[in-house]
């Protein structure tokens, strides 16, 4: 009980420093091989990776930004590597930072074929991108449902996509993206890697299936302007995924969207049910502290991480006093009174580290 009170009081004392950095794709698994990604906060000197460089964990909040292709200026660095002999029909898994903080939004994967024999030196903004994988609203409602990004989190912050067996062999960029809808404007997190596909087919994407970045999204796309906190969102069960239709799906783009997903009660191999808790919000607005670990829906996933892990970092991006009071109630409930003092100390220190604030918490549990 004492430990629970300490963590609640410590969180209540944390100063608000605004929304902090969030993250991105840090590594890949391809054909049983592990590939480290770019280290955005390290010097580019000496970095050799299959991933295109990117500079910040912060989101892109302008869907027409020049950086929207690969979270950078589109160029390849000195020392750019390529994952070779990637078999068409095989799977590629992207790994995000340890605990992704945004469970509300779609997951999308794109390919773009480069001219010539390599993507090195080719600007990502000049390529025609086609979507090979997407997951939007899986179950529940738009405002309080289970999303593709929530599944990514549940899968230990990974997303696995299959290279279509029908795509032609050649040099490609693969673009993994998650879009966070908990705040407006929507937050885009794309990263790209270079791969050479072998053993491919003959079915190149058609014009209706390809887009350029920037150009593939607009800031008025329905899938980017959805407000999770309206009354309508609490009952709405459809969501239009941004971008073109899926490759080889035979679909046409419905009003600029890449397909409409309708929530169901099941997903592949796992039964899901909608959460009964969540933010009702203020219709038409995103409340103060309503993003990145703040009031309402984001707090529920903060508690989820508090419950689930004892050895990883998490992103409580903004914790006002109201959240601390709620956390105090949560950790003092019967399901949390068995937590050891050492684990609670770790969590207090972890929160403190995220806020770069050390004077109150460390060593005081």
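Numbering (mature numbering (1 follows the signal peptide of the UniProt record, and there is no 0)), first residue to last: -21 to -1, 1 to 344.
Here a beta-carbon is modelled for each residue, glycine too, at the ideal position from N, C-alpha and C.
Only counting the same chain, and skipping five residues up and downstream in sequence, which positions put a Cβ closer than 8 Å to that of residue i?
{"i": "residue 40", "result": "164, 165, 166, 167"}
{"i": "residue 38", "result": "1, 159, 166, 167, 168"}
{"i": "residue 25", "result": "58"}
{"i": "residue 134", "result": "none"}
Which residues in the same chain have their Cβ closer than 6 Å to the Cβ of residue i, if we skip the five residues on either side of it in sequence?
{"i": "residue 104", "result": "48, 53"}
{"i": "residue 129", "result": "82"}
{"i": "residue 95", "result": "none"}
{"i": "residue 159", "result": "81, 84, 166"}
{"i": "residue 179", "result": "67, 146, 147, 148"}
{"i": "residue 217", "result": "239, 241"}
{"i": "residue 343", "result": "For residue 343, the predicted structure reports a pLDDT of 30, less than 50, and the residue's modelled location is therefore unreliable. A value from the coordinates is still provided. Hits under 6 Å: none found."}
{"i": "residue 283", "result": "Reliability of the predicted coordinates at residue 283 is poor, the pLDDT of 42 falling under 50, and the value obtained from them is presented with this limitation in mind. Correct list: empty, nothing qualifies."}
{"i": "residue 184", "result": "109, 226"}
{"i": "residue 89", "result": "108, 110, 154"}
{"i": "residue 346", "result": "An answer regarding residue 346 cannot be provided, because it is not within the stretch -21 to 344 covered by the chain."}
{"i": "residue 204", "result": "none"}
Closest to residue i by C-alpha separation, out of the options, would be which residue?
{"i": "residue 224", "options": "210, 213, 240", "result": "240"}
{"i": "residue 7", "options": "28, 1, 198", "result": "28"}
{"i": "residue 1", "options": "144, 215, 136", "result": "136"}
{"i": "residue 9", "options": "72, 3, 26", "result": "72"}
{"i": "residue 23", "options": "35, 14, 45, 57", "result": "57"}
{"i": "residue 345", "options": "187, 207, 120", "result": "Given that the chain is displayed from residue -21 to residue 344, the structure contains no residue 345 and the question cannot be resolved."}
{"i": "residue 172", "options": "99, 206, 148", "result": "99"}
{"i": "residue 14", "options": "101, 174, 144, 148", "result": "174"}
{"i": "residue 155", "options": "12, 31, 64, 202", "result": "31"}
{"i": "residue 79", "options": "176, 138, 193", "result": "138"}
{"i": "residue 182", "options": "199, 228, 208", "result": "228"}
{"i": "residue 93", "options": "150, 141, 143", "result": "150"}
{"i": "residue 144", "options": "176, 203, 127", "result": "176"}
{"i": "residue 141", "options": "134, 123, 112", "result": "112"}
{"i": "residue 65", "options": "17, 12, 170", "result": "12"}
{"i": "residue 116", "options": "170, 199, 207", "result": "207"}
{"i": "residue 97", "options": "199, 123, 60", "result": "60"}
{"i": "residue 211", "options": "16, 123, 17, 21", "result": "123"}
{"i": "residue 127", "options": "170, 220, 17, 204", "result": "220"}
{"i": "residue 16", "options": "213, 209, 170", "result": "170"}
Name the two residues that bound the continuous alpha helix (DSSP H) containing residue i.
{"i": "residue 221", "result": "Not the alpha helix (DSSP H): residue 221 falls in the beta strand (DSSP E), residues 217 to 221."}
{"i": "residue 167", "result": "Residue 167 -> not in any alpha helix (DSSP H); beta strand (DSSP E) instead, spanning 166 to 177."}
So residue i is in the beta strand (DSSP E); what residue range does that whole segment cover?
{"i": "residue 427", "result": "Residue 427 lies beyond the range of the chain shown here (-21 to 344); nothing can be said about it."}
{"i": "residue 204", "result": "Run containing residue 204: none in the beta strand (DSSP E); it sits in the alpha helix (DSSP H), 201 to 204."}
{"i": "residue 47", "result": "First-last for residue 47: undefined, no H or E at that position."}
{"i": "residue 63", "result": "62 to 66"}
{"i": "residue 12", "result": "12 to 15"}
{"i": "residue 186", "result": "Where residue 186 is concerned, there is no enclosing beta strand (DSSP E), given that its DSSP letter is neither H nor E."}
{"i": "residue 8", "result": "4 to 9"}
{"i": "residue 152", "result": "149 to 159"}
Round the Cβ separation of residue i and residue j to the nearest angstrom and send it over; I've been treating them as touching at under 8 Å.
{"i": "residue 50", "j": "residue 33", "result": "4 Å"}
{"i": "residue 43", "j": "residue 197", "result": "7 Å"}
{"i": "residue 146", "j": "residue 62", "result": "Not a contact, Cβ separation roughly 15 Å."}
{"i": "residue 118", "j": "residue 125", "result": "5 Å"}
{"i": "residue 91", "j": "residue 5", "result": "That belief does not hold up - the Cβ atoms of residue 91 and residue 5 are roughly 21 Å apart, past 8 Å."}
{"i": "residue 193", "j": "residue 45", "result": "6 Å"}
To which residues of the same chain is residue i closer than 7 Å at the C-beta, ignoring the five residues directly before and after it?
{"i": "residue 222", "result": "87, 110, 190, 195, 196, 237"}
{"i": "residue 215", "result": "120, 121"}
{"i": "residue 36", "result": "-1, 1, 2, 3, 19"}
{"i": "residue 102", "result": "53, 54"}
{"i": "residue 132", "result": "79, 82"}
{"i": "residue 21", "result": "none"}
Whole runs of the alpha helix (DSSP H) within the segment 75 to 141, excluding any shorter than 4 residues | 127 to 133
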